[in-house]
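Here the structure comes first, spelled out in structure tokens, and everything after it is commentary.
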Amino acid sequence: MLERNVTLSFKGCVQGALLCLPGFPGVVALGVVFGTVAAQKGLTFLETIMINSLVFAGASQFVAMEVYSDPLTWGTLIAMVGVTAAVNMRMLLIGASLRPWLGQVPAYKTYPALYFLTDLNWLISLSEYEKGTRDWGVYLGSGLFTWTVWSLSVIPGYFAGSLISDPKAFGLDVILPAFFAALLVPLWKGKRQTVSWLVAGAVATTTWALVGGYWSIFTGAIAGALAGAYLDD
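Just so we're aligned: the sequence shown equals residues 88 to 320 in my numbering.
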């Protein structure tokens, strides 16, 4: 059932931005690391700013950079599109979960606002919605704040790229999985999540070991979804 009395206020936007502050260090760290990766891949400063701010896709940007090579060929381009789509398929379910709230907002407002949808502000928005909040400024404010921080943090990372020959030596390759692992904590609600996460992780790890590449994203997601759908609490 769709909710009524959905509002949008400046106060809600500010509240959403403030709720993002605990995740601020993680967003900054990811942005800095992406700037470093982009610089080492040979992208210009303008190209880095554009892909970071216009694509605004976090994890899939890192995956795309792993596939990227210069000069860019059609084969590489298709592979980049494929892996980006694979990583971002979770947005189908994430977006659907916001339907009871944003479904009451006019389409000309909702669809542009979905550009700012991320894992972080989705968690914040869903949590506030379950508490009874119906001011979707919480969603919009948290999304705008995350986008702004993400766009700015890539700048120092890009210029530091020439100074860091091996990001792994500084443990920068661990930041992305650590960030997403931390995001899982508020989602844990009991047995169903635990078992489905374990199934997803086991299937993804097995696929990665046997096949390699990014097929593990597909298999892990599907296995975890099925496990969560059919297990009783």
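Yeah, the Cβ is synthetic: ideal placement off N, Cα and C, and Gly gets one too.
| Query | Result |
| --- | --- |
| Going by DSSP in three states, T94 sits in which element: helix, strand or coil? | strand |
| Report, in whole angstroms, the separation of the C-beta atoms of G224 and S96, which I expect to be a contact under 8 Å. | 5 Å |
| What do you get for F246, buried or exposed, if any count of 16 or more other CB atoms within 10 angstroms of its CB means buried? | exposed |
| Would you grab the beta carbon distance between A308 and M176 for me? Rounded to a whole angstrom, and I think it's under 8 Å. | 7 Å |
| Return the CA-CA distance between E90 and P187, expressed in angstroms with no decimal places. | Confidence is the limiting factor: at E90 the pLDDT is only 48, short of 50, which leaves the residue's position unreliable and the question unanswerable from this model. |
| Hey, which unbroken runs of the beta strand (DSSP E) at 3 residues or more fall wholly within the stretch 98–133? | none |
| Quick one, are the C-beta atoms of G230 and A183 less than 8 Å apart? | no |
| Spatial neighbours of L106 within its chain, please: CB distance less than 8 Å, with the 5 preceding and 5 following residues excluded, ordered by chain position. | I211, E215, V225 and S229 |
| Using CA atoms only, rank isn't needed, just tell me which of K98, V115 and G110 is closest to V241. | V115 |
| Would you say M137 and V154 are within 8 Å of each other, going by their C-beta atoms? | no |
| Just reading off the alpha helix (DSSP H) that K196 is part of, what are its end residues? | A194 to A200 |
| According to the neighbour-count rule (16 or more other Cβ atoms, all chains shown, within 10 Å of its Cβ), is V124 buried or exposed? | buried |
| Alpha carbon to alpha carbon, what distance is there between G113 and T205? | 13 Å |
| Exposed or buried, what is W161 when buried is set at 16 or more other beta-carbons lying within 10 Å of its beta-carbon? | exposed |
| Only counting the same chain, and skipping five residues up and downstream in sequence, which positions put a Cβ closer than 6 Å to that of Y317? | none |
| Can you give the Cα-Cα distance for G244 and V236, rounded to whole angstroms? | 13 Å |
| Apply the 10 Å Cβ neighbour rule to L130 and answer buried if 16 or more other Cβ atoms are within range, or exposed otherwise. | buried |
| Evaluate G311 with the Cβ neighbour count: other Cβ atoms within 10 Å of its Cβ, from every protein chain shown; 16 or more gives buried, anything less gives exposed. | buried |
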